[in-house]
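Q: Structure incoming, see below.
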Amino acid sequence: MSHLLFLIPIALGLGALGLAAFFWSLKNGQYDDLDGAAQRVLDDEQGPDASNGNS
Amino acid sequence: MTCCGAQSGTDVALAGHQSTSEKLAEDELRSTSRDLDGSLKLTSFVVPGMHCVACISSIERSLSALPQVEKARANLSTRRVSITWNPDKGPGLDFIRTLDGLGFESTLFTAGADVGMAVAADGRELLLSLAVAGFAMANIMLLSVSVWSGAEAETARLFHLLSGLIAVPAVAFAGRPFFRSALRALLARRLNMDVPISLAVLLALGMGIFESLNGGQEAYFDACVMLLFFLLIGRYLDNLMRERARSSVQSLARLTSNGGALIRQDGSLDFIARSDIEIGMKLRVLPGERFPVDGRIVDGTSDVDRSLVTGESECQLAKPGAVLEAGVLNLTGPVDIQATSDADGSFLAEIIRMMEAAENGRGHYVRLAERMARIYAPAVHLLALITFVGWMIISSGDWRSSLYAGIAVLIITCPCALGLAVPVVHVIGANRLFRAGILMRDGSGFERLSEIDTVVFDKTGTLTLGTPRLMNRPDIDPAEAPLLAAMAARSSHPAAKALAKEYAGHPSPALKDLKEVPGYGMESMFEGKRIRLGRPHWVAELTSEQPDESEIATLAFAAEDGVKTDFVLSDSLRGGAAEAIAGLLNKRLAVEVMSGDRKNSVEAVADELSVQRFQHDMTPKEKIRAVNELRLNGAKTLMVGDGLNDAPALAAAHVSMAPASASEVGRLASDFVFTRDTLLSVPFAHAIACRTSRLIRQNFGLAIAYNCLAVPLAMAGYVTPLIAAIAMSASSIVVVANSMRLNWYAAGRLESNSVEASRVHKDATILQRAGRRGDLQAVSP
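Chains A and B, in that order, are what the protein sequence lines are.
Residues in the first sequence are numbered from 1 upward in steps of one, following the working numbering.
Residues in the second sequence are numbered from 1001 upward in steps of one, following the working numbering.
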């Protein structure tokens, strides 16, 4: 019984972490241009600063 | 052919009005840009030709290299480039030039940005709700599975409480779209599908809290979040499709300008927004631009193209005194007009009003899903109530187990599968169409398209391409090609454009004094001799030949004292037109042609396509009337058209389609827009629509069959949360799997073959038509 006390919070916490990550990525505009993101990864010359700007 | 007007012609200094039109374009660009903080502006362009990473990076790099650009960002999904720039440091027209230099066509993006934001915000909220519901569902399901697999009473109680703690905020957050819609419906004293959904979710949640606080054995927490999760998937897909359809239609090139060039007292030109134009203002319309409002020509002569406005395929000569409608394209010379209407009173505005009135008539169409909801929602409430009352009587007043059975009925009948039945099929169908170059603007378009029994085509620009082509190239001396190419390239007249396209790629010789004589053609000096390309009568003056009155040529070329060369130009049929119409006739649909063009050209096209019924010389009002008459006679009409004059009829018809080359208003009025040149898009869309509506009916059948099995169980009180969870997910999966079958539907043959087929057919048509030139429908300059 006692192991439930920390296992359940861990399980829920991990789930909540995933949810928070999804919220963040959505707010950050990462879903605005899915086709573009798929193509941009192929660009060798693009600097890191250009790859996470939001339009 | 008319041969009057100022013979000397207006000298078109080609370089001259380049600069004025540039200044106007710059003004327009700035006025449509959004102001950001500081002195920065945000301007968006639609770049339809952007396809891969090389396009993105070359666009972004070249634009960022301009001194005035702060940041340029390309979005491949929407095919848009947004540029943050400082207007003090340089002109915005550089963007268009840069994109042009890279080989990308671009148009300024403005239309309906606010509406787009609202739909996108809706989509975002749905996605967030979906994420929360998914998170809650997964965690509650984990806890529930351990309860179902036989947890001890103490653990089960703890797990129920935990589930409740997750479920309450999750439902409060993820259920908002449903609660809002249900509340709106109730306030309007209606029932929609969201009312039983909200009721079931809230009752189940309340019952679950009560049970877990009082140590009960069963709670429906998992069922109520799962319900929300499945339904949100359906909602989100629905929204996604609408959003995509809307943004892709917006991304098509804009045809009408936002304003015109106002002539000031001192003769200078200024950009003026269309809404600011007043009656009596003097405006200048440059070649290649459209009339912003209705106006009377006060100065200048030009050829005008009214094909989008009236459906007439022949260009006309416009002289001072002529009154022209908004939307008419000016072709050859600059003209000064006096506005005879403001933006609200123009022909364009009148068309839009007629369109709105016609759309109101169609507004009575109720989507299949809504019709279902009208029967389903009351039935569900009634069943739940009967169950509750029945159990009260049988168990002699045990309200707890009676309520329990009632809630079980509400939950089990909850339209998970029904909520997915329509959107999943629509999204897959829209994807199929999208791959074939057809955009859907309205989800109910599929339902309406599958019901049609009559197809009405417009002629100019729909059955035909609306642009002339050269038909007698073999008769023409190839030595003349470079001269022809050089002269034709400088005019925006459709006949000249056709020649320029035909002879593109030839080195252009040096021409002196090249000028365009509006209404007649192009004139120049070459090796000391005067040369002309234009109307046969006018060209014949150089060669002292007797013009032949019965000649079929529509364009001629000659050098001084030389021999006249005649060109035959004709508006050609859109690719696949014959197969498309044969295909529709095969499906026992009635086909009709309604055109604003003259009788003989309409008749020629109708004959060639073996369409028996055709009407000609129709005004927009007559088109609406004809479409309404068809409706009163019980016909369900598909209208395919492109012009401004078709727009009201497009809106009045049961369902409508337009080619991507259509006027903006026409595109907005139609449910489907096809971007490929082939007319085979029409039967293809119809085939897919019939298929989707069959699948939707099957899905409804499956969902109803499921209910027939599950509802008696629920009413008998045999449904536990475990059974509810299995039944709900199983029915949803069955429906989604059934919808997926649309992807394998054999109409896919058309998608890959249609382009090829249309090309072959096009060639055949040209040959066949060139063979019997005598009855060609002529396009005169």
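Heads up, the beta-carbon is just placed ideally off N, CA and C, and yes, glycines get one too.
Confirm, please, whether the CB-CB distance from B/A1703 to B/S1731 is below 9 Å.
A: yes
Q: Flag this pair as yes or no: are the beta carbons of B/L1232 and B/A1174 separated by less than 9 Å?
A: Yes, the Cβ-Cβ distance between B/L1232 and B/A1174 is below 9 Å.
Q: Can you confirm whether B/V1427, when its beta carbon is compared against all beta carbons of chain C, has any partner nearer than 9 Å?
A: Judged by its chain identifiers, the structure shown contains no chain C, and its protein chains are A and B.
Q: I'd like to confirm the pairing. Which residues does DSSP put opposite B/G1521 in its beta bridges?
A: B/V1517, B/G1534
Q: Nearest by alpha-carbon distance to B/L1511: which of B/P1518, B/V1517, B/S1524, B/L1499 is it?
A: B/S1524
Q: Which of the three DSSP states, helix, strand or coil, is assigned to B/Q1698?
A: In the structure shown, B/Q1698 sits in a helix (DSSP, three-state: H, G or I).
Q: Among B/L1240, B/G1049, B/R1613, B/A1343, which one has its Cα closest to the Cα of B/S1275?
A: Comparing alpha carbon positions, the residue from B/L1240, B/G1049, B/R1613, B/A1343 closest to B/S1275 is B/A1343.
Q: Give the range of the beta strand (DSSP E) segment to which B/D1571 is assigned.
A: 1569 to 1573
Q: Suppose only complete runs of 4+ residues qualify. What are the alpha helix (DSSP H) ranges in the segment 1334 to 1385 of chain B, listed by chain order?
A: 1347 to 1362
Q: Taking C-alpha atoms, which residue in B/V1593, B/D1617, B/M1618 lies nearest to B/D1607?
A: B/V1593
Q: Spatial neighbours of B/F1178 within its chain, please: CB distance less than 6 Å, with the 5 preceding and 5 following residues excluded, ordered by chain position.
A: D1194, I1197, S1198
Q: The ligand GDP heavy atoms versus the CB of B/A1703: any closer than 8 Å?
A: Absent from the structure shown: the ligand GDP. Ligands present: none.
Q: Would you say B/R1124 reaches chain A, if we count a Cβ-Cβ gap shorter than 9 Å as a contact?
A: yes
Q: Quick check on the DSSP output: what are the complete alpha helix (DSSP H) runs of length 4 or more inside the segment 1019 to 1104 of chain B, in order along the chain?
A: 1053 to 1064, 1093 to 1101
Q: Taking C-beta pairs closer than 9 Å, name the residues in chain A that B/F1135 reaches, listed in chain order.
A: G15, A16, G18, L19, F22
Q: Could you give the DSSP three-state label for B/K1621: helix, strand or coil?
A: helix
Q: Determine the chain B residues that contact A/Q30 at a beta-carbon separation under 7 Å, and present them in chain order.
A: Within 7 Å Cβ-Cβ: nothing; A/Q30 doesn't reach chain B, min ~12 Å.
Q: If contact means a Cβ-Cβ distance below 7 Å, which residues of the segment 1046 to 1059 of chain B contact chain A?
A: C1052, V1053, I1056, S1057
Q: Would DSSP call B/K1599 helix, strand or coil?
A: It is helical.
Q: Does the beta carbon of B/S1212 sit closer than 9 Å to a beta carbon anywhere in chain A?
A: For B/S1212, the closest Cβ of chain A is not nearer than 9 Å.
Q: Flag A/I8 as yes if its beta-carbon sits less than 9 Å from any beta-carbon of chain B, otherwise no.
A: At least one C-beta of chain B is nearer than 9 Å to the C-beta of A/I8.
Q: Using 9 Å as the limit for Cβ to Cβ distance, is B/A1074 near chain A?
A: The Cβ of B/A1074 sits closer than 9 Å to at least one Cβ of chain A.
Q: Looking at the C-beta of B/A1662, does it have a partner C-beta in chain A at a distance below 9 Å?
A: Residue contact with chain A for B/A1662: absent (no Cβ-Cβ distance below 9 Å to any residue of chain A).
Q: Name the two residues that bound the continuous alpha helix (DSSP H) containing B/E1447.
A: Start and end: 1444 to 1449.
Q: Assign B/E1154 to buried or exposed, taking buried as 16 or more other Cβ atoms, counted over all protein chains shown, within 10 Å of its Cβ.
A: exposed
Q: With a threshold of 8 Å, are at least 3 pairs of Cβ atoms found where one atom belongs to the segment 1468 to 1475 of chain B and the other to the segment 1554 to 1571 of chain B?
A: The segment 1468 to 1475 of chain B is in contact with the segment 1554 to 1571 of chain B.
Q: Determine the direct distance from the alpha carbon of B/N1330 to that of B/W1538, and round the result to whole angstroms.
A: 21 Å
Q: Using only the alpha-carbon positions, how far apart do B/G1670 and B/M1657 sit?
A: Reading the sequence as shown, one finds Ser at residue 1670 of chain B and not Gly. Cα to Cα, the separation comes out at about 5 Å.
Q: Where in the segment 1162 to 1233 of chain B do unbroken runs of the alpha helix (DSSP H), each at least 4 residues long, occur, reported from the N-terminal end onward?
A: 1176 to 1187, 1194 to 1213
Q: Does DSSP put B/D1607 in a helix, in a strand, or in coil?
A: helix
Q: Can you pull out the residues from the segment 1228 to 1241 of chain B whose beta carbon lies closer than 7 Å to at least one beta carbon of chain A?
A: none
Q: So what does DSSP say about B/F1109, is it helix, strand or coil?
A: coil
Q: Helix, strand or coil: which one does DSSP assign to B/F1291?
A: coil
Q: Per DSSP, what kind of secondary structure is B/V1455 in: helix, strand or coil?
A: strand
Q: Take B/Y1503 and list the residues in its own chain whose beta-carbon comes closer than 6 Å to its own, dropping the five residues that flank it on each side.
A: A1481, L1484, A1485
Q: When the cut-off is 9 Å and only beta carbons count, does B/S1077 lie next to chain A?
A: yes
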